[in-house]
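By the UniProt record's numbering, the letter at position 140 of the sequence shown is numbered 140, and the numbering carries on one by one without gaps.
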Amino acid sequence: MSKKILMLYGHPKEDSLCCALAEAYADEAEMHGHEVNWLNLFELDFDSTPNGLENPEDLEPDIRQAQALLQDSDHLVLVYPIWWGGMPARVKGFLDRAFASGVAFRYTEKGRLVPLLKGKTADILNTCDTPKIAQWYFLAGDRLQMKRAVMGFCGVKVRHHRRFGAVIGSDAAQRSRWIKQAGQLVKSL
């Protein structure tokens, strides 16, 4: 079954390994008949500093467009590097603004959470320079944050959360294998 995929690209450079991973995923998805919408979070025009519960009419056009694509998608793909144990500030700012109350979740009058993105799935692809043996210790927080506190909170089921690294010291053959692995994630979609 064909899916609408929203690719959220969160790296400032378009010649990065992150970009190659995202392109491999998107190319494979399109070859399997899926529709891919691509948002480069570093090219969107928005203030990444949240200022509380916002009036939807006050949102920047890029955030309103992102929210519409988010609600219309079946599957999300987030691709970003791990810096200092977590996502870049621009990615976090985007999540704070686009995954807002009334779009990704809401509360009932009694304070009960209502996830608004139920039925959607996500794949998360990260690059990092942390050695494989230390990733479980230094990077567990990002994985839990994305799986439970962001995606799970909104009703999105994370299918895969893959880390590719350590990038530093990797050779072209290793990076090529990682790029191929990113594309192969589409096969189970």
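We put the CB at the ideal spot given by N, CA and C, even for glycine. Bear in mind the structure is a predicted one, so any value in this text is a computation, not a measurement.
Do residue i and residue j have their C-beta atoms closer together than 8 Å?
i           : j           : result
residue 73  : residue 4   : yes
residue 190 : residue 103 : In this structure the chain extends from 1 to 189, so residue 190 is not present and cannot be described.
residue 12  : residue 46  : no
residue 25  : residue 182 : yes
residue 78  : residue 155 : no
residue 36  : residue 7   : yes
residue 139 : residue 163 : yes
If you follow the alpha helix (DSSP H) that residue i is in, where does it begin and where does it stop?
i           : result
residue 175 : 172 to 184
residue 138 : 132 to 138
residue 91  : 89 to 98
residue 63  : 61 to 72
residue 27  : 17 to 31
Just mark residue i as buried or exposed, buried being the case when its beta carbon has 16 or more other beta carbons within 10 Å.
i           : result
residue 178 : buried
residue 132 : exposed
residue 124 : buried
residue 51  : exposed
Nearest-angstrom Cα distance between residue i and residue j?
i           : j           : result
residue 32  : residue 83  : 32 Å
residue 226 : residue 117 : As displayed, the chain neither begins before 1 nor continues past 189, which places residue 226 out of reach and without an answer.
residue 39  : residue 142 : 21 Å
residue 93  : residue 180 : 30 Å
residue 158 : residue 58  : 31 Å
residue 69  : residue 76  : 10 Å
Could you say which of the options lies nearest to residue i if we only look at CA atoms?
i           : options               : result
residue 105 : 12, 38, 151 and 65    : 151
residue 19  : 50, 49, 169 and 80    : 80
residue 153 : 107, 186, 188 and 185 : 107
For the ligand ADP, I want to know if residue i counts as a neighbour, meaning its beta carbon is within less than 7 Å of at least one of the ligand's heavy atoms.
i           : result
residue 134 : As for the ligand ADP, it is missing from this structure, which has no ligand bound.
Which residue comes first and which comes last in the beta strand (DSSP E) that contains residue i?
i           : result
residue 115 : 113 to 115
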